[in-house]
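Below is one structure, written out as structure tokens, with a few remarks after it.
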Amino acid sequence: MKGISMRLSQLAATLLTASLAFAPIHALAQENADPVVATVAGVEILASELALAEGDLDPQFDQLPAEQRRVAALAAVIDIKTLARKAEAAKLDETEDFKRLMAFQRDRALHNALFKARVVDPVTEEDVRARYDKEVAATKPEEELNARHILVESEEEAKAIIAQLDEGKDFAELAKEKSTGPSAAQGGDLGYFTKGRMVPEFEAAAFALEKGVYAKEPVKTQFGWHVIKLEDRRDAAPPAFEDVAPQFRQLVMRERYRDLISEAREEYEIEVLDEQLKAGYEAISQQQ
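Okay, structure coming up:
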């Protein structure tokens with residue numbers, strides 16, 4: 382926040398000037414969808430340029446109110462325009478390095494424009510849901526268990542508890558009375574879990590049990606000695622579409638981008654002259 386405050390202090394004069402300059406511009410906003418908000422050496426700065434500049438601001442500016450972000454964007458554009466005029470005066474725009482840079486920037490902008498038009502914009506919620514449904518249908522449901530346990534410090538204590546269970550004692554009640562684990566208050570209930578969620582020794586014993594049965598031997602882990610009972614086993618439900626929709630949208634876009642790249646590479650001749658680069662490029666292309 383200190384850095385933002387300092388930046389705003391530096392922009393104070395700009396803010397004052399801008400507040401005066403914006404007065405007639407706001408009146409014209411309804412007539413012109415992309416009004417001129419300032420000029421530098423006669424070169425116009427459009428509202429659309431401010432929007433582009435806002436996207437390039439440091440993330441710390443996201444904390445500011447919208448109008449202050451706009452002012453920061455204006456200051457950035459003015460700085461760009463003033464130095465650009467000085468660069469033109471020094472004829473830097475006529476150098477070969479600059480021309481090569483501009484050619485590359487143009488190609489990159491065209492790449493981004495086609496990516497937006499062919500990949501990003503056409504993706505609908507129906508596309509995302511269809512990709513989600515396809516993934517769910519192709520994925521074998523993962524088994525999950527619902528188990529209870531009673532955690533104690535020694536094997537002797539665990540065996541004594543098993544003996545009480547053999548006599549007909551209620552597992553949940555014993556867990557509340559005897560267990561030292563955090564689930565004791567819930568009768569040892571651990572909820573549902575899939576493989577990989579528990580320590581290996583506990584997991585192996587739990588998945589080997591039948592529904593409704595408790596283990597006849599205690600299980601030792603890094604936490605102590607466990608008496609385990611399996612309450613239920615079932616297929617785990619897939620994640621809800623709403624929870625994973627953003628990831629599947631990214632997946633759809635990645636697949637469509639890959640198809641677009643493949644289409645373009647087939648359409649245009651590609652020749653890599655550097656032999657070392659050629660081998661690396663071909664390897665990458667095969668992976669894609």
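Here the sequence shown is numbered in this note's numbering, starting from 382 and rising by one per residue. Note that CB positions come from ideal geometry on N, CA and C, so glycine has one too. Because the structure is a prediction, the values reported are computed rather than measured.
Bridge partners of Asn527 according to DSSP: Tyr573 and Asp613.
DSSP places Ile642 in the helix class (H, G or I) of the three-state scheme. As the crow flies, the alpha-carbon of Lys540 is around 56 Å from that of Gln668. Thr420: member of the beta strand (DSSP E) spanning Val417 to Val421, first to last residue. DSSP places Thr463 in the uninterrupted alpha helix (DSSP H) bounded by Ala447 to Ala470.
Counting along the chain, the unbroken alpha helix (DSSP H) around Glu558 starts and ends at Phe552 to Lys559. A buried status is given to His530, since no fewer than 16 other beta-carbon atoms sit within 10 Å of its beta-carbon. Residue environment for Gly577: exposed (fewer than 16 other C-beta atoms within 10 angstroms of its C-beta). The C-alpha of Gln545 lies about 13 Å from the C-alpha of Pro599. Residue pairing by DSSP places Val600 opposite His607 in a beta bridge.
Minimum Cα-Cα distance from Leu532 among the listed residues Ala419, Glu558 and Val509 corresponds to Glu558. Under the DSSP assignment, Ile665 falls in the alpha helix (DSSP H) whose first and last residues are Glu656 to Gln668. At least 8 Å separates the beta-carbon of Val500 from that of Arg630. The continuous beta strand (DSSP E) containing Ile426 extends over residues Val424 to Leu427. When secondary structure is reduced to three states using DSSP, Val580 falls in the coil class, being assigned neither helix nor strand. Membership of Ile651 in any alpha helix (DSSP H) is not indicated, and neither H nor E is assigned to it by DSSP.
According to DSSP, Val533 shares a beta bridge with Trp606.
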